[in-house]
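Trainee:
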Amino acid sequence: MIQVIHNSVEGRTRFKIEGLSGSEPLKKALEQRLTRDRDVLRVSANTLTGNCLVCYNSNNNHHTISFLIEDILEEFQKDNSTDKESRPVVSEDLQKLSAAIQADEEHPPPPAVSREIVKQFLGTTEDGQIRPWHTLRKTETIALLRGDKKQGLTQTTARRRLDEYGPNALAKSESRSGWGIFIDQMNSLPVYLLGAAAGVSVLTGGVLDALVIMGVVVANGIIGYYTESDAEKTIDSLKDLVHPKAEVIRDGQVHEIPAEEVVVGDLIVLKPGSYVTADSRIVHSSRLTIDESMLTGESMPVFKKSSRLKHKNTPLADRSNIAYMGTLVTGGQGLAIVVATAQATDVGMLQL
25 MIQVIHNSVE GRTRFKIEGL SGSEPLKKAL EQRLTRDRDV LRVSANTLTG NCLVCYNSNN
85 NHHTISFLIE DILEEFQKDN STDKESRPVV SEDLQKLSAA IQADEEHPPP PAVSREIVKQ
145 FLGTTEDGQI RPWHTLRKTE TIALLRGDKK QGLTQTTARR RLDEYGPNAL AKSESRSGWG
205 IFIDQMNSLP VYLLGAAAGV SVLTGGVLDA LVIMGVVVAN GIIGYYTESD AEKTIDSLKD
265 LVHPKAEVIR DGQVHEIPAE EVVVGDLIVL KPGSYVTADS RIVHSSRLTI DESMLTGESM
325 PVFKKSSRLK HKNTPLADRS NIAYMGTLVT GGQGLAIVVA TAQATDVGML QL
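Numbering (our numbering) for the sequence shown: 25 to 376.
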């Protein structure tokens with residue numbers, strides 16, 4: 025686990041790194057590999073405190089440096105691990121795409137390699153099943169989506185994806201017509217019973233009673249019509265007032281953009297109070313908790329982590345490395361890469 029202890033001074037961050045305390049090999053690995061990066065100016069790791077001080081240039085922030093450290097920790101663990109057989113087998117399509125994305129982003133490979141494979145892994149399958157993003161490693165997910173763990177997407181790529189896949193907005197429900205609302209007021213069991221009573225009154229000679237009953241039914245329908253139509257207008261006006269924002273990393277910088285402009289592959293910043301604007305795979309987590317009650321019904325915030333899960337059929341509520349559209353960050357911090365937007369999200373699928 026990587027925890028930011030102090031970052032109030034620009035270009036200088038102190039991290040608490042799990043496993044560094046008492047580990048001289050990890051200290052050397054951090055100092056040697058971080059200093060190889062041209063964006064890092066100075067590194068000082070301490071095996072007594074488990075802290076690591078990193079000084080870097082102005083084009084970076086503590087998020088991008090956390091990514092560098094996380095990569096080093098993963099490489100260090102692999103180098104010191106004897107369990108080589110536990111690595112997941114990458115499918116043929118993933119291998120094709122991983123090779124394809126080595127090409128320049130501005131000059132993508134032929135559609136038969138890139139476009140078809142990318143679309144195959146975006147959102148859902150043809151039979152409506154959610155893609156098993158939770159079973160993929162972070163590196164595989166980033167490779168599939170042509171993302172970048174440090175720099176995020178470029179503005180050019182983001183604009184192109186926005187044009188191709190459309191805005192990140194759920195389809196709006198169509199408003200009912202005035203006649204539809206009024207007819208719904210008449211479509212209820214009490215109205216049917218009163219209508220039957222009025223008919224019986226007419227047959228038995230009680231025309232006046234029938235008129236009174238029908239007058240009550242019509243008056244009730246008119247009152248219900250105005251009440252419900254005003255309520256719908258109020259709800260529609262509230263929708264226009266709420267414009268959620270998202271913090272994304274693009275070209276190595278944090279930008280605040282409207283939720284509708286978030287695209288697949290965007291690297292979003294998660295912090296307390298943040299609204300999760302799209303389904304995303306967690307790539308970094310530091311005591312991150314998210315309220316998912318609107319989707320799963322779970323009353324308590326859920327702890328999120330970045331490690332992959334083994335089973336494809338893991339229930340929605342147990343996918344601890346996925347952040348869902350419409351949920352709210354309640355604590356900690358993290359970074360996540362967007363894997364689905366708009367109707368391809370789990371919330372969007374519920375609308376269908």
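Quick reminder that beta carbons are idealized off the backbone N, C-alpha and C, glycines included.
Helix, strand or coil: which one does DSSP assign to THR163?
Mentor: Three-state DSSP puts THR163 in a helix.
Trainee: Is the beta carbon of LEU291 less than 9 Å from the beta carbon of ALA341?
Mentor: Against a cut-off of 9 Å, the Cβ pair of ALA341 and LEU291 comes out as no contact.
Trainee: Between the Cα of PRO268 and the Cα atoms of GLU256, GLY372, ARG161 and ASN192, which residue gives the shortest distance?
Mentor: Checked all of GLU256, GLY372, ARG161 and ASN192; the closest Cα to PRO268 is ASN192.
Trainee: Do GLN357 and ARG311 have their C-beta atoms closer together than 9 Å?
Mentor: Yes, Cβ-Cβ distance for GLN357 and ARG311 is below 9 Å.
Trainee: Using the Cβ count rule (16 or more neighbours within 10 Å means buried), how would you classify GLN153?
Mentor: Note that GLN153 scores 49 on pLDDT, short of 50, meaning its location in the model is unreliable; the coordinates nonetheless yield the value given after this. With fewer than 16 Cβ atoms within 10 Å of its Cβ, GLN153 is classed as exposed.
Trainee: From what residue to what residue does the alpha helix (DSSP H) around THR88 run?
Mentor: That run of the alpha helix (DSSP H) goes 86 to 103.
Trainee: By Cβ distance, which residues of its chain are closer than 7 Å to THR320, with the 5 residues on each side in sequence left out?
Mentor: Excluding positions up to five away in sequence, the list reads LEU340 and ALA341.
Trainee: For LYS52, which residues in the same chain have their Cβ closer than 6 Å to its Cβ, ignoring the five residues on either side in sequence?
Mentor: Around LYS52: no qualifying Cβ.
Trainee: Under 7 Å Cβ to Cβ from LEU215, same chain only, skipping five residues before and after it: list those, please.
Mentor: The question names Leu, but residue 215 in the sequence shown is Val. Around VAL215: VAL241.
Trainee: Determine the closest residue to GLY348 out of VAL363, ARG38, ALA234 and GLY297, with distance taken between C-alpha atoms.
Mentor: Checking the displayed sequence, the identity of residue 348 turns out to be Tyr instead of Gly. It is VAL363 whose Cα lies nearest to the Cα of TYR348.
Trainee: Buried or exposed for TRP203, going by 16 or more other Cβ atoms inside 10 Å?
Mentor: Per the 10 Å Cβ criterion, exposed.
Trainee: Determine which residues share a DSSP beta bridge with ALA360 and list them.
Mentor: According to DSSP, which records beta bridges pairwise, ALA360 is partnered with ILE292 and ILE306.
Trainee: Hey, would you say SER330 sits closer than 9 Å to VAL293, going by beta carbons?
Mentor: Not closer than 9 Å, so no.
Trainee: Could you round the C-beta distance between VAL326 and THR338 to whole angstroms and report it? I think they count as a contact, below 8 Å.
Mentor: In fact, because the Cβ distance is near 13 Å, the residues do not count as touching under 8 Å.
Trainee: Apart from the five residues on each side of it in sequence, which residues of its chain come closer than 6 Å, Cβ to Cβ, to GLN27?
Mentor: The residues are LYS40 and SER310.
Trainee: Write down the C-beta distance between ILE93 and LEU54 rounded to the nearest angstrom, noting that I regard them as a contact closer than 8 Å.
Mentor: Contact holds; Cβ gap of about 7 Å.
Trainee: Cα separation between GLU280 and SER298?
Mentor: Using only the alpha carbons, I get a separation of about 11 Å.
Trainee: Which residue's Cα is closest to the Cα of THR251: ILE205, LEU186 and HIS86?
Mentor: Comparing Cα-Cα distances from THR251 to each of ILE205, LEU186 and HIS86, the minimum goes to ILE205.
Trainee: My guess is that ILE166 and LYS174 are in contact by the Cβ rule of under 8 Å, so how many angstroms apart are they, rounded?
Mentor: The pair is not a contact, with the Cβ atoms about 10 Å apart (cut-off 8 Å).
Trainee: Nearest to CYS79 by alpha carbon, out of SER32, THR73 and LEU97?
Mentor: Of the candidates SER32, THR73 and LEU97, the one whose C-alpha sits nearest the C-alpha of CYS79 is SER32.
Trainee: In terms of residue numbering, what span does the beta strand (DSSP E) encompassing THR37 cover?
Mentor: It spans 36 to 41 - the beta strand (DSSP E) in which THR37 sits, taken as one unbroken run.
Trainee: Count the other CB atoms, across all protein chains shown, that sit within 10 Å of the CB of VAL224; report buried if there are 16 or more and exposed otherwise.
Mentor: Label assigned to VAL224: exposed.
Trainee: If you count every other CB in all the chains shown that lies within 10 Å of the CB of GLY46, and 16 or more means buried, which is it?
Mentor: GLY46 is exposed by the Cβ-count criterion.
Trainee: Checking the sheet assignment: what are the DSSP bridge partners for ILE26?
Mentor: BP columns for ILE26 point to ILE41.
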